[in-house]
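**Q** Quick one: this structure, given as structure tokens, is what I'll be asking you about.
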Amino acid sequence: CISSCSKITLPDILKDRKICCITSVKESDVRNVLGNICDVTVIKIPGKNENQFQSFSMVVKNIRDESTNYDLWLVSAGELGRVYPGLIKFKGGRAFDIGSLIDFWCTKEIPSRLIPYLCFSTNDPLKLDLTSDGRSFSRFI
């Protein structure tokens, strides 16, 4: 792997911040991974094979009430997750849709389609490095 440590990454941005994470991952797993670098609150939603619409109203209410109470929101909420960052920003907050990144952080499993291009960082368990094949795509990342 080729280290990309000189670039600022999401874990660098999260350090010492107050974060809210909307995810289907268990709160304890998220806290185990992120709790040592930031103050994290988790809004737990149903997983992708469950009825995510049942939590939509609750999440929207949380966003309306608390959008500016956090330095950053991390959204990992499937199809509905595409709606939440816009609402957070509309209400004055900051948000990233991180897709399945939280799943990676908690399971330590790189999706098979990305294995030729990414490997685990030797310096930080929340970071990835590029393989020699992945390096050719570095200008797009």
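In terms of this note's numbering, the sequence shown opens at residue 1300 and continues consecutively. Think of the CB as a built atom: it goes at the ideal place given N, C-alpha and C, for glycine as much as any other residue. Predicted model, so just to flag it, every value in this text is computed and none were measured.
#1: Could you give the distance in angstroms between the alpha-carbon of Pro1420 and the alpha-carbon of Leu1400?
#2: Smallest Cα separation from Ile1321: which of Ile1344, Lys1407, Ser1431 and Leu1313?
#3: Just how far apart, CA to CA, sit Asp1311 and Ile1397?
#4: Let me know if Ser1327 comes out buried or exposed under the rule of 16 or more other beta-carbons within 10 Å of its beta-carbon.
#5: Quick check on DSSP: helix, strand or coil for Cys1405?
#6: Rounded to whole angstroms, what is the Cα-Cα separation between Ser1293 and Leu1309?
#7: Relative to the alpha-carbon of Ser1423, which residue among Lys1325, Gln1351, Ser1411 and Val1332 has its alpha-carbon at the smallest distance?
#8: Quick check on the burial criterion: 16 or more other C-beta atoms within 10 angstroms. Buried or exposed for Asn1361?
#9: Give the secondary structure of Asp1364 by DSSP, where H, G and I count as helix, E and B as strand, and everything else as coil.
#10: Is DSSP giving Val1413 helix, strand or coil here?
#11: For Gly1377, which of Asn1348, Cys1337 and Thr1340 has the nearest alpha-carbon?
**A** Taking the coordinates as given:
#1: Position 121 of the sequence shown, counted from the first residue, corresponds to residue 1420. Position 101 of the sequence shown, counted from the first residue, corresponds to residue 1400. The sequence as given places Ser at residue 1420; Pro does not occur at that position. Distance between the alpha carbons of Ser1420 and Leu1400: 15 Å.
#2: Counting from one through the sequence shown, the residue named residue 1321 turns up at place 22. Closest option to Ile1321, judged by alpha-carbon separation, among Ile1344, Lys1407, Ser1431 and Leu1313: Ile1344.
#3: Taking the sequence shown and counting its residues from 1, one reaches residue 1311 at position 12. Taking the sequence shown and counting its residues from 1, one reaches residue 1397 at position 98. Between the C-alpha atoms of Asp1311 and Ile1397 there is a straight-line separation of about 15 Å.
#4: Position 28 of the sequence shown, counted from the start, is the residue given in the question as residue 1327. So Ser1327 counts as exposed.
#5: One-based indexing of the sequence shown puts residue 1405 at position 106. Of the three classes helix, strand and coil, the one that applies to Cys1405 here is helix, per DSSP.
#6: Nothing about residue 1293 can be read from this structure; the chain reaches only from 1300 to 1440.
#7: Numbered from 1 along the sequence shown, position 124 holds the residue referred to as residue 1423. The sequence shown places Asp at residue 1423, not Ser. Taking each of Lys1325, Gln1351, Ser1411 and Val1332 in turn and checking the Cα distance to Asp1423, the smallest one comes out for Val1332.
#8: In the sequence shown, the residue the question calls residue 1361 occupies position 62. For Asn1361, the number of other beta carbons within 10 angstroms of its own is at least 16, and it is reported as buried.
#9: As a first step, residue 1364 is located in the sequence shown; it is residue number 65 there, counting from the start. Residue state for Asp1364 is assigned as helix, using DSSP reduced to three classes.
#10: Locating residue 1413 in the sequence shown gives position 114, where the first residue counts as 1. Checking the sequence shown, residue 1413 turns out to be Leu, not Val. In this structure, Leu1413 counts as helix in the three-state DSSP scheme.
#11: Here the question's residue 1377 lines up with position 78 in the sequence shown. Ranking the options by Cα distance to Gly1377, first place goes to Asn1348.
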